[in-house]
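The listed protein sequences correspond, in order, to chains A and B. Read in order, the letters of the first sequence are residues 224 to 580 in the numbering used here. Read in order, the letters of the second sequence are residues 894 to 1275 in the numbering used here. Accompanying notes for the structure given below.
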Amino acid sequence: MTEPIRLAILGCGAITRSEHIPAVSAHPGVQLVALVDTDLPRAGALIRNRGLSCRAVADYREVLGQVDAVVNALPNHLHVSSNMDCLRAGKHVLCEKPLAITAAEARSCTEFAEEKKLVLAVGMNRRFAASHSLLKLVIEEGLLGSIQNYDFQYGGAFDWRSASGFYFDRAQAGGGALLDFGVHMLDSVIDWFGPVSAFDYQDDDWGSGIEANLFLDLKHAGRFGEIPGHLQISRTFGLKNRLLVRAAAASAEITVSDPEVVVIHRAIGGAPVSQTLQMENFSGGSPYWRQLDNFVQSIANRGKPEVDGWQAVRVLELIESCYAHKRRIAEPWTEIGAESRAGSETSSGTGGSETRT
Amino acid sequence: MNWRNETVFVTGATGFIGGRVCERMMQAGVPKVRALVHGMHRAARIARLPVELCPGDLLERESLRQALGGAKIVIHCGVGLASSIVRGTENMLAVAQAAGVKRFIHVSTAAIYGITPPPGSESEDAPLRRTGDAYCDNKAAAEKVVLNYGKRGLPVVILRPSIVWGPYSAWSTRLMDDLRDGRVAFIAGGHGACNTTYVDNLIDAMVLGLENDGALNQAFFITDAERVSWGDFIRAHMALIEPRPAVEEISRAEIEASRDRSSGLLRGSMKAAARVARSKEFRQMLMQIPLTEAAMKKAWNWVSALPPEKRERLRARFGVRRAAAKSTNAKFIPDALTEATQSTTVFFSIEKARKVLGYEPRVRFSEGMKLVEQWLRYAAYL
């Protein structure tokens, strides 16, 4: 058996606590060497609470000499500089999404990893849910007939208790709901339906760059022909939280609540029926464990990870195009404030419809 | 005063009223809005505005001082737990006074007269008496503190809205959920006074409070000034749902009788549950566990200390279980808080606001309902 990969986790925020530590602890091919956080007591408390036998370190540069790889779960704006430092030191990197807050930075990171012949994997945990590969098979095998369109919705009152609260700061987060959650959805739909050839994007950003709601109509031009799709994301209210792929013979549904199965809806003799498909022999563990496992295997085999930097680059390029061509979602219930009231309150740069492009 | 050139500080900014205040202030073109944010994870709605999100807590003066920054206008929509309303408001007032704030708009509530305001409380000079409800009594006490600061030179204006509704309001979203779940009844024919206050009408009044020096140190009822009953409010929401939900009438006598019959803790209201918990039989039953009474009391104090909207939300969450009773063909029995809320006969008068502030409700009920419908569609409730 080969030596375990020595690993440090950068950042002890919410995702490290809830997913990365359990995944790393459960993986026999990995030895956790250090938890890194500028808030050293936070890292120390986490080590004690989880009964880990690793060091708490305030600066990741202190441990780069003692590890083979890192899981980077720092706030978004710190991804690129820390990734580059780690790659420069010859370490493999599994970076939480988004790989960077600009496509250009993601690209330079990816090119650098290639040059150094290191694994740079991007944390797209949804790719490792059984339903992702299952739907891919269902589409590829033509079980649904020719695909007509899809509708992908995800929404709920935002409740992500990030330790640093960076989510609502444009400079640190890089964007709102589209960059935060849209990266997952776009990564998935591009993997299923092929590259995006056209889009129409609207969001509710009033000037902060942190949209809470968005509508995105897409057209894919892949090997299944042109497929239109509709994405909706909300941080303020609940949506259907599912993907529905409509096709000639049947439709396929993946719900957020059960990401391990695909439900096929069709009619038999005019009667609507549904059928739940699940993978047999699918490896156990959480999607984060499978993602880590894929990272470990990629390092061992010097192979490409399931989600590499280039895939992150194409999603970030699409997101940047969306932001560059955004239109404001119509919110007629807010326009009352933009009306002139007794000649005093008038529409301004942030509220009136004149800001729509 | 010319508030449009001032930085505006908003407390309760992650809530329904404060969120809309932030939007309206941006729309009015103020140079900067500073929003007090207690729970950053609740800030998604206002984070999309170019407002400054200022972390802080009404119970920590130093955090308020930092959050206020150089703002000279305070719109105080923040509430928190009922038991800390007075302390939070006093902290905000003290910090505002020390910072030389030019106007302090205090969002009070018509509920200072109780969940069921008694006849005679139609105008602002009606005497206040203790209601026994922590939220109502603490909001009343907070007004006194505000007026004291007013006397000491802080330019304060107090607004007393009633049922503040509009897009994002739980009055509409919860009602939609309840209608679909069969958890709505017309109490006493649905004739109770609803006293709707459309959120933008309330904000119009805030703006007038900023502009009008004659308003200083005074309190004003703010409503839509239409005699909208709870039946009207419920029916307007029913009309949005297909197929149209069935809502039965229930008399207050029937509600009382049903409460008398019910014995389970989950039956009836949380108030009734607490009554059971405090009852002799229940306590005797649990006598062996010395901590139980204290724990129950603590829990009840905590629940009763929540503002009505939060209590309602909690009730709605627990209320889901009661929906099972509906499927057994039992008549739906509203809880005590809903019964109390929908039983007042008092329509608050806005004459004083008209006269002194120049307030006139801009959004009529029917128009507000159209906007709410548009928003409900957008927010996937329809």
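All C-beta atoms in this analysis are idealised placements derived from N, C-alpha and C, irrespective of residue type, glycine included. Bear in mind that the values here come from a model prediction, so they are computed numbers and not experimental data.
Query - Under 8 angstroms by beta carbon: chain B residues contacting Ser431(A) - result: For the purposes of this step, residue 431(A) is taken as the residue at position 208 of the first sequence. What Ser431(A) touches in chain B: Ala940, Arg941, Leu942, Pro943, Val944.
Requested in this report: Within its chain, find whatever has a CB closer than 7 angstroms to the CB of Phe1126(B); leave out the 5 residues flanking it on each side and keep chain order.
Outcome: What you label residue 1126(B) is simply residue 233 of the second sequence in a count that begins at 1. Within the same chain, Cβ atoms closer than 7 angstroms to the Cβ of Phe1126(B) are found at Cys1087, Thr1089, the five residues on either side in sequence being excluded.
Requested in this report: Take the Cβ of Asp1153(B) as the centre, count every other Cβ of all protein chains shown within 10 Å, and call the residue buried at 16 or more, exposed below.
Outcome: Taking the second sequence and counting its residues from 1, one reaches residue 1153(B) at position 260. Around the beta carbon of Asp1153(B), fewer than 16 other beta carbons lie within 10 angstroms, which makes this residue exposed.
Query raised in the report: Quick one: Cα of Cys318(A) to Cα of Arg958(B), how far?
Result: The residue labelled residue 318(A) in the question sits at position 95 within the first sequence. The residue labelled residue 958(B) in the question sits at position 65 within the second sequence. Rounded to the nearest angstrom, the two C-alpha atoms are 39 angstroms apart.
Query raised in the report: Interface residues of chain B around Asp427(A) at Cβ under 7 angstroms?
Result: In the first sequence, counting from the first residue as 1, residue 427(A) sits at position 204. Chain B residues near Asp427(A): Arg941.
**Report entry** Separation of Ile552(A) from Leu409(A), as counted between CA atoms
**Finding:** Here residue 409(A) corresponds to residue number 186 of the first sequence, with the count starting at 1. Here residue 552(A) corresponds to residue number 329 of the first sequence, with the count starting at 1. Spanning the two alpha carbons is a distance of roughly 20 angstroms.
Requested in this report: Measure how close the beta-carbons of Leu1103(B) and Arg996(B) come, nearest whole angstrom, since I'm counting them as under 8 angstroms.
Outcome: Your numbering for residue 1103(B) matches position 210 in the second sequence. Your numbering for residue 996(B) matches position 103 in the second sequence. By a beta-carbon distance limit of 8 angstroms, Leu1103(B) contacts Arg996(B). Their separation comes to about 5 angstroms.
Requested in this report: Mind checking who Gln425(A) pairs with in its DSSP beta bridge?
Outcome: Residue 425(A) sits at position 202 when you count from the first residue of the first sequence. As a beta-bridge residue in DSSP terms, Gln425(A) pairs with Phe438(A), Arg550(A).
Query raised in the report: Are Ile998(B) and Val1050(B) close, meaning C-beta to C-beta below 8 angstroms?
Result: In the second sequence, counting from the first residue as 1, residue 998(B) sits at position 105. In the second sequence, counting from the first residue as 1, residue 1050(B) sits at position 157. Judged by their CB atoms, Ile998(B) and Val1050(B) are nearer to each other than the 8 angstroms cut-off.
**Report entry** Stretch-stretch touch, CB-based, cutoff 8 angstroms, three pairs: the stretch 406-425 of chain A with the stretch 539-548 of chain A
**Finding:** Contact holds: three or more Cβ-Cβ distances are below 8 angstroms.
Query raised in the report: With contact counted as at least three CB pairs below 8 angstroms, one residue from each stretch, are the stretch 986-996 of chain B and the stretch 918-931 of chain B in contact?
Result: No: the two stretches stay apart, fewer than three of their Cβ pairs being nearer than 8 angstroms.
**Report entry** Integer-rounded CB distance, given that Pro298(A) should sit under 8 angstroms from Leu402(A)
**Finding:** As a first step, residue 402(A) is located in the first sequence; it is residue number 179 there, counting from the start. As a first step, residue 298(A) is located in the first sequence; it is residue number 75 there, counting from the start. With 8 angstroms as the limit, Leu402(A) and Pro298(A) do not qualify as a contact, their Cβ atoms being about 13 angstroms apart.
Query raised in the report: Contact check, Pro528(A) vs Ala344(A) under 8 angstroms by CB: the rounded distance?
Result: Indexing the first sequence from 1 puts residue 528(A) at position 305. Indexing the first sequence from 1 puts residue 344(A) at position 121. Going by Cβ atoms, the distance from Pro528(A) to Ala344(A) rounds to 4 angstroms, so yes, they are a contact pair.
Query - Contact residues within the stretch 547-562 of chain A, judged by C-beta distance below 7 angstroms to chain B - result: Of all residues in the stretch 547-562 of chain A, the ones placed with a Cβ closer than 7 angstroms to any Cβ belonging to chain B are Pro555, Trp556, Thr557, Ile559, Gly560, Ala561, in chain order.
**Report entry** Opposing strand residues paired with Trp1058(B) [DSSP bridges]
**Finding:** In the second sequence, residue 1058(B) corresponds to position 165, counting from 1. Paired residue(s): Tyr1091(B).
Requested in this report: Measure from the C-beta of Trp1268(B) to each C-beta in chain A and report whether the shortest distance is under 8 angstroms.
Outcome: Numbered from 1 along the second sequence, position 375 holds the residue referred to as residue 1268(B). Closer than 8 angstroms: yes.
Query raised in the report: Does the stretch 478-489 of chain A come within contact of the stretch 355-365 of chain A, defined as at least 3 CB pairs closer than 8 angstroms?
Result: Under the three-pair Cβ rule at 8 angstroms, the stretch 478-489 of chain A counts as touching the stretch 355-365 of chain A.
Query raised in the report: Hey, does Thr459(A) have any beta-carbon neighbour from chain B nearer than 8 angstroms?
Result: Counting from 1 along the first sequence, the entry for residue 459(A) is found at position 236. It does: the Cβ of Thr459(A) has a partner Cβ on chain B nearer than 8 angstroms.
Requested in this report: List the residues of chain A whose Cβ lies closer than 8 angstroms to the Cβ of Gln959(B), in chain order.
Outcome: Here the question's residue 959(B) lines up with position 66 in the second sequence. Within chain A, no C-beta atom comes nearer than 8 angstroms to that of Gln959(B); the closest sits roughly 15 angstroms away.
Query raised in the report: Just checking, does the stretch 1050-1067 of chain B make contact with the stretch 904-911 of chain B on the three C-beta pairs under 8 angstroms criterion?
Result: Enough Cβ pairs lie closer than 8 angstroms, so yes.
Query raised in the report: What residues in the stretch 911-941 of chain B bring their beta carbon closer than 7 angstroms to a beta carbon of chain A?
Result: Of all residues in the stretch 911-941 of chain B, Glu916, Arg917, Met919, Gln920, Ala921, Gly922, Met933, His934, Ala936, Ala937, Arg938, Ala940, Arg941 have a Cβ within less than 7 angstroms of some Cβ in chain A.
Query raised in the report: Is Cys915(B) helix, strand or coil when you go by DSSP?
Result: Here residue 915(B) refers to the residue found at position 22 of the second sequence. Residue state, collapsed to three classes: helix.
Requested in this report: Report the three-state DSSP secondary structure of Ser1014(B) (helix, strand or coil).
Outcome: The residue labelled residue 1014(B) in the question sits at position 121 within the second sequence. It is coil, neither helix nor strand.
Report task. Check the C-beta distance from Asn1031(B) over to Ala975(B) and give it rounded, since I have them as a contact under 8 angstroms. Result -> In the second sequence, residue 1031(B) corresponds to position 138, counting from 1. In the second sequence, residue 975(B) corresponds to position 82, counting from 1. The Cβ separation is near 5 angstroms, so the contact holds.
Report task. Whole angstroms is fine: what's the gap from Leu1109(B)'s alpha carbon to Pro1048(B)'s? Result -> The residue given as residue 1109(B) occupies position 216 in the second sequence. The residue given as residue 1048(B) occupies position 155 in the second sequence. Here the alpha carbons of Pro1048(B) and Leu1109(B) stand approximately 6 angstroms from one another.
Requested in this report: May I have the straight-line CA-CA distance separating Ser305(A) from Ser276(A), to the nearest angstrom?
Outcome: As a working note, residue 305(A) is residue 82 in the first sequence. As a working note, residue 276(A) is residue 53 in the first sequence. Using only the alpha carbons, I get a separation of about 24 angstroms.
Query raised in the report: Whose Cβ in chain A lies nearer than 7 angstroms to the Cβ of Pro1060(B)?
Result: As a working note, residue 1060(B) is residue 167 in the second sequence. The contacting residues are Trp556.
Query raised in the report: In chain order, which beta strand (DSSP E) runs of at least 3 residues are fully inside the stretch 255-332 of chain A?
Result: Listed in chain order, they are 278-280, 292-295, 315-319.
Query raised in the report: First and last residue of the beta strand (DSSP E) that includes Ser497(A)?
Result: In the first sequence, residue 497(A) corresponds to position 274, counting from 1. That run of the beta strand (DSSP E) goes 494-501.
Query raised in the report: What are the boundary residues of the alpha helix (DSSP H) that includes Gly452(A)?
Result: The residue you call residue 452(A) lines up with position 229 of the first sequence. Looking at the DSSP string, Gly452(A) is not in any alpha helix (DSSP H); the run it does join, the beta strand (DSSP E), is 448-457.
Query raised in the report: Do you know offhand how far Val280(A)'s Cα is from His302(A)'s?
Result: For this step, residue 280(A) is matched to residue 57 along the first sequence. For this step, residue 302(A) is matched to residue 79 along the first sequence. Those two C-alpha atoms are separated by around 18 angstroms.
Query raised in the report: Quick one, are the C-beta atoms of Leu233(A) and Ala312(A) less than 8 angstroms apart?
Result: As a working mapping, residue 233(A) is identified with position 10 in the first sequence. As a working mapping, residue 312(A) is identified with position 89 in the first sequence. Using a Cβ distance threshold of 8 angstroms, Leu233(A) and Ala312(A) do not count as a contacting pair.
**Report entry** With 16 other Cβ atoms within 10 Å as the buried cut-off, status of Glu577(A)
**Finding:** For the purposes of this step, residue 577(A) is identified with residue 354 of the first sequence, where counting begins at 1. Residue placement at Glu577(A) is poorly supported in this model, since its pLDDT is 32, which falls under 50; the coordinates still yield a value, given next. Label assigned to Glu577(A): exposed.
**Report entry** Pair within 8 angstroms by beta-carbon distance, Asn348(A) and Pro495(A)
**Finding:** Counted from its first residue, the first sequence places residue 348(A) at position 125. Counted from its first residue, the first sequence places residue 495(A) at position 272. Not closer than 8 angstroms, so no.
Query raised in the report: Which residue or residues does DSSP assign as beta-bridge partners of Ala231(A)?
Result: Counting from 1 along the first sequence, the entry for residue 231(A) is found at position 8. In DSSP, Ala231(A) forms a bridge with Ala257(A), Val293(A).
Report task. Please report how far the alpha carbon of Val901(B) lies from the alpha carbon of Arg913(B), in whole angstroms. Result -> The residue given as residue 901(B) occupies position 8 in the second sequence. The residue given as residue 913(B) occupies position 20 in the second sequence. Their backbone Cα atoms lie some 13 angstroms apart in a straight line.
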